[in-house]
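J.:
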Amino acid sequence: MGIFRENIPGVDRKMKEFISLLKTQMKVYYGISAMRYKYFVKKKDLWEIVLALFGMAVGGGTLLFMYIMYLNSMYVASMLINQPQLMPVTVLLLAQLLTLVFGFFWTISVFYFSDDTNILIPLPIQPYKILLSKYCIILLNEYVILAFLMLPAIFIYGIGTQAGILYYLVSFIVFIFTPVIPLSLAAIVSVLMMRFVNLRKKKDLYTVIVSVFALIFSFGIQFVINRMPQNGGQQAIDSFILQNVNIAKMISRSFPPALWEAVSMTDYNTMSGFLNLLMFIAVSALFTGILVVSAQKMYFKAVISGQEVEAKRKKIFLEKSIVKSSVLKALPLRE
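Using my numbering, read the sequence shown as starting at 244 and increasing by one per residue.
1) Can you check whether the CB of alanine 295 is closer than 8 angstroms to the CB of threonine 350?
2) Between tyrosine 511 and the rest of its own chain, which residues show a CB-CB distance below 6 angstroms, the 5 nearest in sequence each way excluded?
3) Which value, in whole angstroms, describes the spacing of the CA atoms of leucine 392 and isoleucine 424?
4) Assign threonine 305 to one of two classes, buried (16 or more other C-beta atoms within 10 Å of its C-beta) or exposed (fewer than that).
5) To test your reading of the DSSP string, which unbroken alpha helix (DSSP H) runs of 4 or more residues are found completely within the region 364 to 425?
6) Would you say the region 363 to 375 touches the region 538 to 545, given that touching needs at least three Cβ pairs under 8 angstroms?
7) In this structure, how does DSSP classify asparagine 361 when only helix, strand and coil are distinguished?
8) CA-CA distance, leucine 363 and leucine 518?
9) Buried or exposed for serine 263, going by 16 or more other Cβ atoms inside 10 Å?
10) Got a sec, what are the start and stop residues for the alpha helix (DSSP H) methionine 299 sits in?
11) For methionine 317, count the other beta carbons within 10 Å of its own beta carbon; 16 or more makes it buried, fewer makes it exposed. Which is it?
12) Pull up the distance between the alpha-carbon of methionine 330 and that of methionine 309, whole angstroms please.
13) Three-state secondary structure (DSSP) at tyrosine 511?
14) Can we say the region 381 to 392 touches the region 338 to 347, given the rule of at least three CB pairs closer than 8 angstroms?
15) Hey, how far is the Cα of glutamine 268 from the Cα of isoleucine 380?
16) Within its chain, find whatever has a CB closer than 8 angstroms to the CB of proline 327; leave out the 5 residues flanking it on each side and keep chain order.
17) Can you list, in chain order, the residues of its chain with a C-beta nearer than 7 angstroms to that of leucine 428? Leave out the 5 residues immediately preceding and following it.
18) For glutamine 369, I'd like the list of residues in its chain whose CB is within less than 8 angstroms of its CB, leaving aside the five on either flank, ordered along the chain.
19) Indicate whether glycine 346 and leucine 426 have their beta-carbon atoms separated by less than 8 angstroms.
20) Going by alpha carbons, who is nearest to isoleucine 311 out of Phe398, Ile419, Phe498, Ser507?
21) Quick check: what's the CA-CA separation for valine 417 versus valine 536?
22) Proline 327 by DSSP, collapsed to three states: which one?
23) Would you mind stating whether phenylalanine 420 and isoleucine 533 have Cβ atoms separated by less than 8 angstroms?
24) Please report the Cβ distance between valine 334 and alanine 406, rounded to the nearest whole angstrom; I am assuming they are in contact, meaning their Cβ atoms lie under 8 angstroms.
25) Can you name, in chain order, every residue of its own chain whose Cβ lies under 7 angstroms from the Cβ of valine 506, other than the five neighbours on each side?
26) Would you check if the distance between the CB atom of serine 433 and the CB atom of phenylalanine 356 is smaller than 8 angstroms?
27) Give the secondary structure of phenylalanine 523 by DSSP, where H, G and I count as helix, E and B as strand, and everything else as coil.
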């Protein structure tokens, strides 16, 4: 690594600059310094931490338990049709679709509407570094969400198939790269769109659009939950999954990355699994590279164009602009 860096001038300086920028972004986005000063230096409002942890433990724990039970039932049902890979394929597809959809709105908010953007632009920092640091913040948030979504599926499938250590190693690599393609795609689309569609001037409209989308999404989740079997035990769940297995297959074929990572996990000890993993990593790197190039060329232009104000042009006639006033009115105005 040392020899490699010696052959590339300035690589250490560039990496240190990016890491410093990323640390600053994390402190600003998560309010780390403010929380540390409030809770650990001043020791103020410590009950907020206890209440937040209790709420996450109770609410999150309940949802996680229900989700694990459903995944386990789904795995049992997939074994009945001799397709044990159906469960991980469905979970990976869901993870990538959620990352793609929510990543689009998330990237626009963080890239263009965050308060620190106007502070960072005048600094001697390359546009792609600023955008990548913000991208990494979104990526960290995605990992937290995907941990609850993917890790139970990884362990259920691994325990059910009695997989070895290689399976868990491949699954960890798949977990790391899962949000990269959909999030990079969402970021590229948002950069291109914001270059020509000035949403920064219509922040209220953007907020309304996001709110409406969140409402539609919540109704969609409720609709799916209502369609799921509420009673009948494992038999009812098996029947529900068998009825929808073709839909899951059709959707997964329309988004190949989900199939690549699923095959790399389920066929982890074969050449096919290894090649699918390499393809998945290569395409992830390709989309990240496209994002870097797009950011370098268009990010600053999009941000600056959002700050421009169009002047209203109208003709001014000299005769109409000069108004004759009386002496009594002119003297007080002059003084």
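Here a beta-carbon is modelled for each residue, glycine too, at the ideal position from N, C-alpha and C.
T.: Let me lay it out:
1) For the purposes of this step, residue 350 is taken as the residue at position 107 of the sequence shown. For the purposes of this step, residue 295 is taken as the residue at position 52 of the sequence shown. Not closer than 8 angstroms, so no.
2) Residue mapping note: residue 511 aligns to position 268 of the sequence shown, counting from 1. Leu409, Tyr410, Val413, listed in sequence order.
3) Position 149 of the sequence shown, counted from the start, is the residue given in the question as residue 392. Position 181 of the sequence shown, counted from the start, is the residue given in the question as residue 424. Cα to Cα, the separation comes out at about 17 angstroms.
4) Your numbering for residue 305 matches position 62 in the sequence shown. Exposed, because fewer than 16 other Cβ atoms sit within 10 Å of the Cβ of threonine 305.
5) 370 to 403, 408 to 420
6) Judged by pairs of C-beta atoms under 8 angstroms, the region 363 to 375 touches the region 538 to 545, as three or more such pairs exist.
7) Reading the sequence shown from its first residue, position 118 is the one you call residue 361. Looking at asparagine 361 - three-state DSSP - the assignment turns out to be helix.
8) For this step, residue 363 is matched to residue 120 along the sequence shown. For this step, residue 518 is matched to residue 275 along the sequence shown. Computed Cα separation, rounded: 41 angstroms.
9) The residue given as residue 263 occupies position 20 in the sequence shown. Classification of serine 263: exposed, given that the 10 Å Cβ count is below 16.
10) As a first step, residue 299 is located in the sequence shown; it is residue number 56 there, counting from the start. Premise fails: methionine 299 is in no alpha helix (DSSP H) and is neither H nor E.
11) Here the question's residue 317 lines up with position 74 in the sequence shown. Methionine 317 comes out buried.
12) For this step, residue 330 is matched to residue 87 along the sequence shown. For this step, residue 309 is matched to residue 66 along the sequence shown. Their Cα atoms are separated by approximately 16 angstroms.
13) Position 268 of the sequence shown, counted from the start, is the residue given in the question as residue 511. Coil.
14) yes
15) Counting from one through the sequence shown, the residue named residue 268 turns up at place 25. Counting from one through the sequence shown, the residue named residue 380 turns up at place 137. Each residue's Cα considered, the two are about 7 angstroms apart.
16) Taking the first residue of the sequence shown as 1, we reach residue 327 at position 84. Cβ within range, chain order: Tyr318, Ser321, Tyr400, Gly403, Thr404, Thr509.
17) Reading the sequence shown from its first residue, position 185 is the one you call residue 428. So the qualifying residues of the chain are Leu343, Phe530.
18) Numbered from 1 along the sequence shown, position 126 holds the residue referred to as residue 369. Only Gln539 meet the Cβ criterion.
19) One-based indexing of the sequence shown puts residue 346 at position 103. One-based indexing of the sequence shown puts residue 426 at position 183. The answer is yes: Cβ separation under 8 angstroms.
20) Position 68 of the sequence shown, counted from the first residue, corresponds to residue 311. For the residues Phe398, Ile419, Phe498, Ser507, the minimum Cα distance to isoleucine 311 belongs to Phe398.
21) Residue mapping note: residue 417 aligns to position 174 of the sequence shown, counting from 1. Residue mapping note: residue 536 aligns to position 293 of the sequence shown, counting from 1. Valine 417 and valine 536 have their C-alpha atoms roughly 25 angstroms apart.
22) Within the sequence shown, numbered from 1, the residue matching residue 327 stands at position 84. In the structure shown, proline 327 sits in coil (DSSP, three-state: anything other than H, G, I, E or B).
23) The sequence position of residue 420 within the sequence shown is 177, counting from 1. The sequence position of residue 533 within the sequence shown is 290, counting from 1. The answer is no: Cβ separation not under 8 angstroms.
24) The residue labelled residue 334 in the question sits at position 91 within the sequence shown. The residue labelled residue 406 in the question sits at position 163 within the sequence shown. The Cβ separation is near 16 angstroms, so there is no contact.
25) Residue numbering aside, residue 506 sits at position 263 when the sequence shown is read from its first letter. Shown here for valine 506: same chain residues with a beta carbon closer than 7 angstroms to its own, the five before and five after excluded, namely Ser515, Gly516, Asn519 in chain order.
26) Numbered from 1 along the sequence shown, position 190 holds the residue referred to as residue 433. Numbered from 1 along the sequence shown, position 113 holds the residue referred to as residue 356. Not a contact, by the Cβ cut-off of 8 angstroms.
27) In the sequence shown, the residue the question calls residue 523 occupies position 280. Here phenylalanine 523 sits in helix by DSSP.
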